[in-house]
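First the structure, in the form of structure tokens, and then the observations on it.
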Amino acid sequence: MSTGEVVLLICVGLWLLRGVQLLRMRMPLVRAWRSYLQVVVAIGASGASWWWWPAAAPGVGVGLVVVLLILPAAFTREAARALRFGHRRLALTHAWLAFAARPVAAQRRLITSLEQSWRLRQAQAVDIDAAVASLGPLPPAEAQAHRLVFTSWTNDFERMAELLADPSTHAVAMGAGMASIVTMAVGETADDDALAAHAASLLRRVREARRGVDVTWALVMLAAYLGDPDAVAAAERPLRAEVPRERLAFALATAQQRRGDEAAAMRTVDAALAADPSPAGAARLRYRLAHPRPICSETEALVALRAEVRRQLEGRLVLSALALGLRDPAPLTWAVAAGLSGVFLWQTTQTRRFVFQNLALNAPWERAPDPYRLVSYACLHLDGGHLFVNVLGLLVFGRFVEHHFGRWRHAVIYWAAAVAGGVAYLVAERGLGVAIGASGAVLGLFGATVARIALDRDLRQSGQGRRELRFLAAVAVLQLALDAVWPQSAGSAHAGGLVTGLILGAVLMRRPKTPEP
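If you count by the working numbering, then the sequence shown holds residues 5 to 521, one letter each, in order.
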């Protein structure tokens, strides 16, 4: 099996996962048929390209995934983010690009919703009923959920609570990325007993939810209403690329009020107002001072609930680095990815004979006993598909390791795994052979990721932690299967890098500092 065929299989697998995701959403066929059709066409086009034009099949498969699957999701996410940060033109541009790539009704509603939300964000007068009507025909519960979103910009929390009194609206809102809005409506209008009941429901959803900022932000807001300013403050850095500072300040001020520190809440709000927030953001901050929340009761049940929310939030913030986001700062990971790409471009200007003779790792060692080859082989790649797979793994697991181990530990794990993978290849290879590729180094980062999650008891016992461990196990099984069926795969180098990553991940993992007595 060639590298191109492996890349094509991965692309088809991504489309199959998209189909499973659509089935799990349980949307009526009359509304989702375009999405299903897109999945069928993409799989069919990938298969047809492999049948009639095998050389171009990997490019066709990757292109379909990028243009029809990754870009619409990325554009939709960027549209919402641009709106939150006050960039209306950029938000609409991204929304229209998403609609062009995936012309479904939901994308068109996004464009209309962005226009209405922008007006509300600027504190302009908007007829919310007319705004909902402008989205087109919707089921009653979904229309009420959109009404809830628009109302949230006005800080009319009593009206939000009335909308959520309808169980169907509540269910749609919780299932459609509005858990944070629901949490805010409950936190602003209900007593501690009702808040605890909502917390139990939210925590059940957290255990089921996949990656996504909404559930994480809902946990932050829940921690705020439970009076845990430390947990809210700890979420600022991981979420600052997703959540505006004015909302982070609102959550922190709420937590401080619930802990009885009104002076700290006033300082938090004053600092946020001085940073020139949006009109709607400023109105919400002033609302916080004008409507202070009472101190949270310290019953045994609420204290235990606060601790559980903190554990779940810490776990999601740690695991958020596994999501393939491009804004989180991970300069070393990006530098390595750029370096591998640059070396591959240089390779295209050289003959394969020159590259293999002078830089690849040759077995047995006596053929070319140059120590530098234990490093140089990990900078080379066989073809574009080989490079793509390794860079993708680097961006997922390298970012995680850089965030949670630090840059110098990242460098140690990466290069130690590369060298160990080379040594394992030389030891295991019985005949003449040549090895190139960063797979062993990337699998070292993968091993460190596994160690970081598996050795943290609270993390591995959380719902998200168990899902991520299952995801990592699936990656490991896929790698073992490829090593077994693909003659060009250097399984010994992969095993050497993986084991090195697991060991170094356990040794170099950051431990919490022990407080001084």
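We put the beta carbon where it would ideally sit given N, CA and C, even for glycine.
Here the structure is a predicted model, which is why all the values come from computation and not from measurement.
At the 8 Å Cβ level, is Leu502 part of the contact set with chain B, yes or no?
The chain labelled as chain B is not found in the depicted structure, where only one protein chain is given.
| request: Inspect the beta-carbon positions of Ala497 and Gly425 and report whether they are closer than 8 Å. | output: yes
Practice task
Name the one or two DSSP bridge partners that Val438 has.
Solution key: Asn366
Original post:
From Thr453 to Gln468, what distance separates their C-alpha atoms?
Top reply: 14 Å
### Message
With H, G and I counted as helix, E and B as strand and the rest as coil, what does DSSP make of Leu484?
### Response
helix
Determine, using beta carbons only, whether Ala439 and Tyr381 come nearer to each other than 8 Å. yes
Q | Per-residue DSSP class, three states only, for Gly402 | A | helix
**Asked** Under a Cβ-count criterion, where at least 16 other Cβ atoms within 10 Å of its own Cβ denotes burial, should Glu246 be classed as buried or exposed?
**Response** buried
Does the beta-carbon of Ser172 have 16 or more other beta-carbons within 10 angstroms, so that it is buried, or is it exposed?
-> exposed
Count the other CB atoms within 10 Å of the CB of Arg371; is the residue buried (16 or more) or exposed (fewer)? exposed
Check your understanding: From which residue to which residue does the alpha helix (DSSP H) around Pro242 run?
Key -> 240 to 243
*Look at Leu124 and Ala284 and say whether their C-beta atoms are less than 8 Å apart.*
yes
- Item | Own chain, CB closer than 7 Å to Arg209, minus 5 neighbours either side, in chain order | Met178, Ala183, Val219
*asked:* What would DSSP say about Gln148, mapped onto helix, strand or coil?
replied: helix
key: Per-residue burial, Tyr376 [other beta carbons within 10 Å of its own, 16 or more giving buried]   = exposed
Out of Trp412, Val423, Thr355, which has the shortest C-alpha to C-alpha gap to Cys383? Val423
Where Arg244 falls, given that 16 or more other Cβ within 10 Å makes a residue buried: exposed
Considering only residues of the same chain and omitting the five flanking positions on each side of Val43, which have a CB-CB separation below 6 Å? Trp19, Arg22, Gly23
Margin query: Given this structure, state the Cα-to-Cα distance separating Asp387 from Pro58, to the nearest angstrom.
Written below: 15 Å
- Item | Gly319 beta carbon less than 8 Å from that of Leu463 | yes
Quick one: residues in its chain with C-beta nearer than 7 Å to the C-beta of Leu459, no 5 flanking neighbours on either side, listed in chain order?
-> Ala510, Met513
Practice prompt. Find out if the Cβ-Cβ distance for the pair Leu199, Val313 is shorter than 8 Å.
Written response: no
* Drop a sphere of 10 angstroms on the beta-carbon of Asp196, count the other beta-carbons inside from all chains shown, and report buried for 16 or more, exposed for fewer. => buried
Q) Are Thr116 and Ile132 closer than 8 Å when you measure CB to CB? A) no
Could you say if the region 61 to 71 and the region 90 to 104 meet the contact criterion of at least three C-beta pairs nearer than 8 Å? no
- prompt: If you draw a straight line from the alpha carbon of Pro233 to that of Arg356, how long is it in whole angstroms?
  reply: 59 Å
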